[in-house]
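Each residue of the sequence shown is one higher than the one before, counting from 3 in the numbering used here. Down below is the structure, laid out as structure tokens.
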Amino acid sequence: MQKIRLGISACLLGEQVRFDGGHQLDRFITETLGQYVEFVPVCPEAECGLGVPREPMRLVGMPESPRLLTVRTRIDHTERLVAWARKRVAGLEQEGLCGFIFKSKSPSSGMERVKVYPESGQGTPVLRGVGLFARVFMEHFPLLPVEDEGRLHDPDLRENFIERLFVWRRWREFLAAGPSVGGLVAFHTRHKLLILAHSLGHYREVGRLVARAREMPVPALCDHYQSRLMDALRLKATPKKNTNVLHHLMGYFKRDLSPDEKQELLEVIDNYHQGYVPLIVPVTLVNHYVRKYHPPYLADQVYLHPHPMELQLRNHV
Ligand code: SF4
3 MQKIRLGISA CLLGEQVRFD GGHQLDRFIT ETLGQYVEFV PVCPEAECGL
53 GVPREPMRLV GMPESPRLLT VRTRIDHTER LVAWARKRVA GLEQEGLCGF
103 IFKSKSPSSG MERVKVYPES GQGTPVLRGV GLFARVFMEH FPLLPVEDEG
153 RLHDPDLREN FIERLFVWRR WREFLAAGPS VGGLVAFHTR HKLLILAHSL
203 GHYREVGRLV ARAREMPVPA LCDHYQSRLM DALRLKATPK KNTNVLHHLM
253 GYFKRDLSPD EKQELLEVID NYHQGYVPLI VPVTLVNHYV RKYHPPYLAD
303 QVYLHPHPME LQLRNHV
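Shown next, in the form of structure tokens:
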């Protein structure tokens, strides 16, 4: 399987590009996730010519449109960094990225809650800034999955992000193969229950869109579908929503199950719902019955295999 191409703040890979010549190596990213992805490192501050080491910087002014100033000498690098960022993201178009992991809290790379200091340089900063490069990137690629390494320590956010990476990769492959209505119907059929696990509203909406697929030009149809799909997947798949999907899945083979098997599966789903076991437990049992009874439609459901088992992402949610 071809590796997923993933943009990343270079210091998270251990590259010594921080202002003090250090790095912020993240071993989950490099050693675990690194087995499935090919990284495309970006260090805005070093690449735009500010050098290593360099004077540290921070965001100053209005949180919606802050400036990037060096801390001691107050040199303004905003225009330089933004002009460089616009060119860099245009170049990243050719890289086929499926997502980006940003370095948290950085005035250049942080994707949210970056400190913005008052104009005077004195006083308490507000946690409402977005790093200058991260802002340009997210405006250019509004649908791409993005996260920062701090948020990836949360098992729910980690599972959600990696699930979206794999969905985006499949979507790119679908587009690369030459999109068609039939192809979109097949793609949607495989992803239906995954979408349902995130949002009943989106599940119904994209279902209606696909049902009327022949009424729209294919490019417009695909644009609309991808935007609704990625919006849906950004929403949290809660235990309540997953429980609903698991009951739904059970409906496809409940006539095949013996009374004992049915009882066992219902108990395991309930144990998950109550928080006694992680999601991997009922999903493993469902997969067992799918292999045993071959219910048509379920074997290809992405919900049952959204990302490699070895990442153990559903062992913690
Ligand atoms: S946070 Fe961004 S700008 Fe700072 S060292 Fe890391 S990649 Fe470079």
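Beta carbons are placed, not taken as given, at the ideal position from N, Cα and C, and that holds for glycine. These figures come from a predicted structure and were not determined experimentally.
Q: Given a cut-off of 8 Å, decide if T240 and Y274 are closer than it, judged by their beta-carbon atoms.
A: Here the question's residue 274 lines up with position 272 in the sequence shown. Here the question's residue 240 lines up with position 238 in the sequence shown. For Y274 and T240, no; Cβs fall outside 8 Å.
(Q) I'd like the span of the beta strand (DSSP E) that includes S11, first residue to last. (A) For this step, residue 11 is matched to residue 9 along the sequence shown. Unbroken beta strand (DSSP E) run through S11: 6 to 11.
Q: Would you mind stating whether G9 and V44 have Cβ atoms separated by less than 8 Å?
A: The count along the sequence shown starts at 1 and reaches residue 9 at position 7. The count along the sequence shown starts at 1 and reaches residue 44 at position 42. Yes, these two residues count as a Cβ contact at 8 Å.
Q.
On the DSSP letters alone, give me the boundaries of the beta strand (DSSP E) that F102 sits inside.
A. As a position in the sequence shown, residue 102 is number 100, starting the count at 1. Taken as a continuous stretch (DSSP letters only), the beta strand (DSSP E) holding F102 covers 101 to 104.
(Q) Please give the ranges of any alpha helix (DSSP H) in the stretch 164 to 250, keeping only runs that are unbroken, at least 4 residues long and fully inside the region. (A) 183 to 200, 202 to 213, 220 to 236
Q | Rounded C-alpha distance that separates E57 from K107 | A | Position 55 of the sequence shown, counted from the start, is the residue given in the question as residue 57. Position 105 of the sequence shown, counted from the start, is the residue given in the question as residue 107. For E57 and K107, the distance between alpha carbons rounds to 17 Å.
Q: Helix, strand or coil for R293, going by three-state DSSP, please let me know.
A: Start at 1 with the first residue of the sequence shown, and residue 293 comes out as number 291. Helix.
Q: Could you work out which residue in V84, S67, D272, T32 is closest to I103 when comparing CA atoms only?
A: Position 101 of the sequence shown, counted from the start, is the residue given in the question as residue 103. Comparing Cα-Cα distances from I103 to each of V84, S67, D272, T32, the minimum goes to T32.
Q: Indicate, with yes or no, if the ligand SF4 has a heavy atom lying under 7 Å from the CB of K105.
A: For this step, residue 105 is matched to residue 103 along the sequence shown. Flag set: Cβ of K105 near the ligand SF4.
Q) Taking V220 as the reference, which of G184, D272, E312, A301 has the closest Cα? A) Along the sequence shown, read from residue 1 onward, the residue named residue 220 stands at position 218. Nearest C-alpha to V220: G184.
Q) Sorry if obvious, but does the Cβ on C13 come closer than 7 Å to a heavy atom of the ligand ADP? A) Among the ligands in the structure shown, the ligand ADP does not appear; only the ligand SF4 can be found there.
Q | the stretch 196 to 203 / the stretch 270 to 288 touching (three or more Cβ pairs under 8 Å) | A | No: fewer than three Cβ pairs fall under 8 Å.
Q. Is the distance from the Cβ of V138 to the Cβ of V62 below 8 Å?
A. As a working note, residue 138 is residue 136 in the sequence shown. As a working note, residue 62 is residue 60 in the sequence shown. Their beta carbons are not under 8 Å apart, which means V138 does not touch V62 by this criterion.
Q: Report whether the distance from the Cβ of R56 to the nearest heavy atom of the ligand SF4 is below 7 Å.
A: For this step, residue 56 is matched to residue 54 along the sequence shown. For R56, the shortest separation between its Cβ and any heavy atom of the ligand SF4 does not lie below 7 Å.
Q) Which two residues bound the contiguous alpha helix (DSSP H) that contains P261? A) In the sequence shown, counting from the first residue as 1, residue 261 sits at position 259. Run containing P261: 261 to 275, per the alpha helix (DSSP H) assignment.
Q) Does the beta-carbon of F30 have 16 or more other beta-carbons within 10 angstroms, so that it is buried, or is it exposed? A) Within the sequence shown, the letter at position 28 stands for residue 30. It counts as exposed.
(Q) Tell me the residue span of the beta strand (DSSP E) that contains E149. (A) Taking the sequence shown and counting its residues from 1, one reaches residue 149 at position 147. Residues 148 to 150.
**Q.** Nonlocal neighbours in the same chain, by C-beta distance under 7 Å from R74, ignoring five residues either side
**A.** Looking up residue 74 in the sequence shown gives position 72. Excluding sequence neighbours, R74 sits near E57.
Q. In whole angstroms, what is the alpha-carbon distance linking G203 and V169?
A. The residue you call residue 203 lines up with position 201 of the sequence shown. The residue you call residue 169 lines up with position 167 of the sequence shown. C-alpha separation (whole angstroms): 19 Å.
Q. Do the stretch 109 to 119 and the stretch 154 to 169 meet, that is, are 3 or more Cβ pairs less than 8 Å apart?
A. They do not touch, by the three-pair rule.
(Q) How far does the beta strand (DSSP E) with G131 in it extend, from its first residue to its last? (A) Along the sequence shown, read from residue 1 onward, the residue named residue 131 stands at position 129. Here the beta strand (DSSP E) through G131 covers 128 to 131.
Q. Would you call the CB atoms of L134 and L70 closer than 8 Å?
A. As a position in the sequence shown, residue 134 is number 132, starting the count at 1. As a position in the sequence shown, residue 70 is number 68, starting the count at 1. In this structure, L134 lies near L70, with their beta-carbon atoms less than 8 Å apart.
Q | Local Cβ density within 10 Å of D150, reported as buried at 16 or more and exposed below that | A | Reading the sequence shown from its first residue, position 148 is the one you call residue 150. Burial call: buried.
**Q.** Backbone secondary structure at D158 - three-state DSSP
**A.** Working through the sequence shown from its first residue, we reach residue 158 at position 156. Helix, per DSSP.
Q: Go ahead and label S11 buried or exposed: buried means 16 or more other beta carbons lie within 10 angstroms of its beta carbon, across all protein chains shown.
A: Taking the first residue of the sequence shown as 1, we reach residue 11 at position 9. Buried is the call here.
Q: Indicate the three-state DSSP secondary structure (helix, strand or coil) for F41 in the structure shown.
A: For the purposes of this step, residue 41 is identified with residue 39 of the sequence shown, where counting begins at 1. Strand at F41.
Q) Any idea what DSSP makes of T72, helix, strand or coil? A) One-based indexing of the sequence shown puts residue 72 at position 70. Here DSSP, grouped into helix, strand and coil, assigns T72 to strand.
Q | Range covered by the alpha helix (DSSP H) that runs through R88 | A | In the sequence shown, residue 88 corresponds to position 86, counting from 1. That run of the alpha helix (DSSP H) goes 80 to 94.
(Q) Quick check on DSSP: helix, strand or coil for V325? (A) Given a span of 3 to 319 for the chain in the structure shown, any question on residue 325 remains unanswerable.
Q: Please check the pair Y254 and L300, which I expect to be a contact at CB under 8 Å, by giving their CB distance rounded to whole angstroms.
A: The sequence position of residue 254 within the sequence shown is 252, counting from 1. The sequence position of residue 300 within the sequence shown is 298, counting from 1. Right, their Cβ atoms sit about 5 Å apart.
**Q.** Buried versus exposed, by CB contacts within 10 Å (16 or more), K105
**A.** Position 103 of the sequence shown, counted from the first residue, corresponds to residue 105. Looking at its Cβ environment, which holds 16 or more other Cβ atoms inside 10 Å, K105 is buried.
Q.
I'd like the list of long-range same chain contacts for L251, defined as Cβ closer than 6 Å, with 5 residues on each side in sequence excluded.
A. For this step, residue 251 is matched to residue 249 along the sequence shown. If we look at L251 and ignore the five residues flanking it on each side, its Cβ neighbours are V288.
Q. Helix, strand or coil for M140 per DSSP?
A. Numbered from its first residue, the sequence shown carries residue 140 at position 138. Reduced to three states, the DSSP call for M140 is helix.
Q) If we ignore side chains and look at the alpha-carbon of each, how far apart do E1 and G131 end up? A) As shown, the chain starts at 3 and ends at 319. That puts residue 1 outside it, with no answer to give.
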